[in-house]
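So the sequence shown is numbered by my numbering: it starts at 6 and just counts up by one.
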Amino acid sequence: MTSGKNKALVIGIDQYDSAMFNELPYAKKDAAEVYRVLTDPDIGVFSKEDVVLLTPDENFRVTKSGVEQKLEEVFTEAGGEDTVLVYFAGHGKLDKSLKLCLAAQDTSADRLVSTSINMETIRNIRENSDCRRAVFIIDSCYSGAAGLSVRSPEPVASSLERMPGEGTIVISASQAFQEALEKDDIKQGIFTDFFIKGLEAEEIDHDKDGYISLDEIYDYIHRNVKTQTKGKQIPARIGTIEGKTNIAKSSKFIRDRKREIDLQLSSAQESLEAEKREKALDAYQKVLKLEPVNQKAQECVRNLIGDIQERLSEYYGSSAETLETDIYIKARNLLEKHDLPLSDRQIEYVRSIMSLLSGLDLVTFEKDWKRIERKEQTQEQQEKDKQNQMVKERESRGSEQVRKPGIDKPPVPQYSRPAKEDRKPETPKQPLPLDPRATTAKIVISYSHKDEKWVEELKIMLAPVKSIEVWYDKLIKPGDEWRKVIKGKFDSTNIAVLFVSKDFIASEFIQENELPPLIKAANQKNVTIFWVLVNKCQYDEVEGIEPLQAAHNIAEPLIGLSEPKLNDVMNEITDKIKQSAKEVIAARTKSLSNKSTQEIP
């Protein structure tokens, strides 16, 4: 989050002494899940020693005094550069002045002010802390009153609104006077369910910096909770914090980084240089977070790396092509499947990756080795048979052409033409073949990553078309200077396809780096651009798009089309791209054929 420490207090209360408060079956589970995600080294930015979990059990009660004491302890210990996050899942109740009170296990509904954790107490504790940033996430019934503003005839949350103007944010599960809902099918509060999904599974790192910010997670929760509950529950936010507040690492960013390191490791294994192998191993250990005490996992990796080159050489010989297609692709497929938290299966994960990277699965190895031996024996025998046949043919021809005594000239051959192997090669003059690149057209696809599903649909349609070469940014290789790669591809393309959507228009990178060169090339007649409307958006506000040729009827955006209709539209788009590619190839072929009249013997 900041240069200081990140501390958190996570509270979940599912049982209450007062009969006025019904049980909340999933509040305790919600808190446990939030604690797990925040302290997961692959997701959260919190250390376990800096996160306190308060949930009731047979030997522990979560009381008003206990919560307030722990709350004060966390804020008092926080330094000036630290950030404190407080999460609460449980009952909330409004007092007679419409101020929100959070219920502890021993809270009495009849004596709410004196027995509950009220907002005034929380405000005082926050105000007396030196910490730079404080984030309160409240998942409770009527939690919206903690940040009530214009929806109420009076400022019922004045206690929280009087918190320091900058440095504090309150995110609540619902607007004022709305209930925060639980669902049995997910066994969790809806608000917390999307909070967990956003941090753990969803790709919401919009600025691609590797972290999920408070703004990014709130936008995700707000949109999905509102949609899921059909407007019955709408999360709310109040307060400001200067600068960006990161609360988690992007799971996609971490997975991509792991893939990059694993591919580096695979490349390092092709070299006998010990230094390169050690460097790859070191990077691999850091990403997988192998602790020094985990000797078993480290030994596994070291042993596999130590003898991998010799065994690969014996197995595959010098065929780099076989290595590329057989091992490399298997490894990539495996890495894409194993995106579960690595802490639960470090050793198995390492063994599986290394086994497939090296192609040394013993059963497969033995079967393949026997197959290779049989193939080699067969090829060897075929070669011997061919040689023997050639010897016999030469001997036969020689005996027929032996000169008879008294005759100076050899007999006229029995054949009207010499045997094929005895003929002198003919040398007809042929035109110089055209450059193979003249038979393909290059296509780039510009899109927002949120619209990737439509790119995949188009790729499937274009797959059988051999006359085109499709490129999009997912094909950038790890380690490449991606800005240079993108610029090079966009500068050399013949056709461009734009998937225009609200996210496409909102992307600063697309507007600054992708659209301008494409539109300039289109105006100079160097590139043909087709654009596809994904959803309704203000595309006419983007300079250069509206005059371009749409690839389909934009009155019917892709989103909302039935599957048969979508298939028809994708076919229509593919046909237009194919026709444009044919025109590009025809023009290039004509140009190349006119340039040279060279001949080869």
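Positions of the beta carbon are idealized from the N, C-alpha and C atoms, including for glycine. Since the model is a prediction, treat every value here as computed from it, not as a measurement.
Rounded straight-line distance, which links the Cα of residue j to that of residue i
i       : j       : result
Asn-64  : Asp-144 : 25 Å
Pro-30  : Tyr-21  : 11 Å
Phe-509 : Gly-493 : 21 Å
Cys-136 : Gly-85  : 4 Å
Lys-53  : Lys-249 : 23 Å
Phe-200 : Leu-90  : 14 Å
Glu-5   : Ile-564 : A question about residue 5 goes unanswered here, because the residues of the chain that appear run from 6 up to 606.
Ile-481 : Leu-538 : 25 Å
Glu-474 : Lys-213 : 27 Å
Ser-472 : Gln-394 : 44 Å
Thr-245 : Leu-219 : 11 Å
Ala-83  : Lys-10  : 8 Å
Tyr-225 : Trp-536 : 28 Å
Lys-530 : Asn-558 : 23 Å
Phe-123 : Ala-511 : Residue 123 is actually Asn in this sequence, not Phe. Taking the straight line joining both Cα atoms gives about 41 Å.
Gly-17  : Ala-446 : 59 Å
Val-532 : Ile-515 : 17 Å
Ile-252 : Glu-38  : 15 Å
Ser-497 : Glu-400 : 59 Å
Ile-590 : Lys-455 : 32 Å
Gly-4   : Asn-499 : It is not possible to answer for residue 4, since the shown part of the chain is limited to 6 through 606.
Glu-132 : Gln-74  : 15 Å
Gly-194 : Val-230 : 10 Å
Lys-489 : Pro-522 : 13 Å
Gln-584 : Ala-501 : 14 Å
Lys-33  : Glu-551 : 53 Å
Asp-19  : Arg-128 : 25 Å
Ala-586 : Val-396 : 53 Å
Ser-70  : Lys-235 : 38 Å
Ile-534 : Ala-526 : 9 Å
Arg-116 : Val-140 : 28 Å
Cys-106 : Arg-228 : 27 Å
Asp-2   : Ser-453 : Outside the displayed range of the chain (6 to 606) lies residue 2, so it cannot be described from this structure.
Lys-3   : Ala-241 : Only positions 6 to 606 of the chain appear in this structure, which leaves residue 3 out of reach.
Gln-382 : Thr-594 : 46 Å
Pair within 8 Å by beta-carbon distance, residue i and residue j
i       : j       : result
Arg-138 : Thr-88  : yes
Ala-94  : Asp-35  : yes
Pro-562 : Asn-540 : yes
Ile-243 : Val-175 : yes
Tyr-40  : Leu-58  : yes
Thr-120 : Thr-112 : yes
Phe-495 : Val-547 : no
Ile-582 : Leu-467 : yes
Phe-51  : Thr-44  : yes
Ser-177 : Ile-217 : no
Asp-100 : Val-118 : yes
Thr-81  : Ala-109 : no
Asp-478 : Ile-465 : no
Ile-209 : Gly-215 : no
Tyr-92  : Ile-48  : no
Member of the options whose CA lies at the smallest distance from the CA of residue i
i       : options                            : result
Ile-222 : Gln-233, Thr-232, Glu-205, Leu-523 : Glu-205
Tyr-544 : Ser-506, Lys-530, Gly-71, Ile-524  : Ser-506
Val-574 : Trp-459, Asn-27, Val-470           : Trp-459
Ala-560 : Cys-542, Phe-141, Asn-576, Pro-469 : Cys-542
Val-470 : Ile-550, Thr-579, Ile-16, Ile-515  : Thr-579
Thr-173 : Cys-106, Lys-570, Glu-247, Glu-588 : Glu-247
Met-25  : Ala-114, Tyr-216, Gln-516          : Ala-114
Gln-554 : Ala-108, Ile-524, Glu-486          : Ile-524
Ser-451 : Lys-389, Thr-444, Lys-397, Glu-517 : Glu-517
Asn-27  : Asp-390, Ser-70, Gln-74, His-96    : His-96
Ile-130 : Gln-387, Arg-116, Leu-76           : Leu-76
Glu-462 : Ser-567, Ala-526, Leu-571, Asp-485 : Leu-571
Glu-588 : Leu-520, Thr-444, Glu-385          : Thr-444
Whole runs of the beta strand (DSSP E) within the region 435-515, excluding any shorter than 3 residues: At a cut-off of 3 residues, the continuous stretches assigned as beta strand (DSSP E) that sit fully inside the region 435-515 are 446-451, 473-476, 500-505.
Where are the alpha helix (DSSP H) runs, 4 residues long or more, that stay fully inside the region 11-88, in chain order? 32-44, 69-82
Minimum length 4: unbroken alpha helix (DSSP H) runs contained in the region 101-138: 117-120, 124-132
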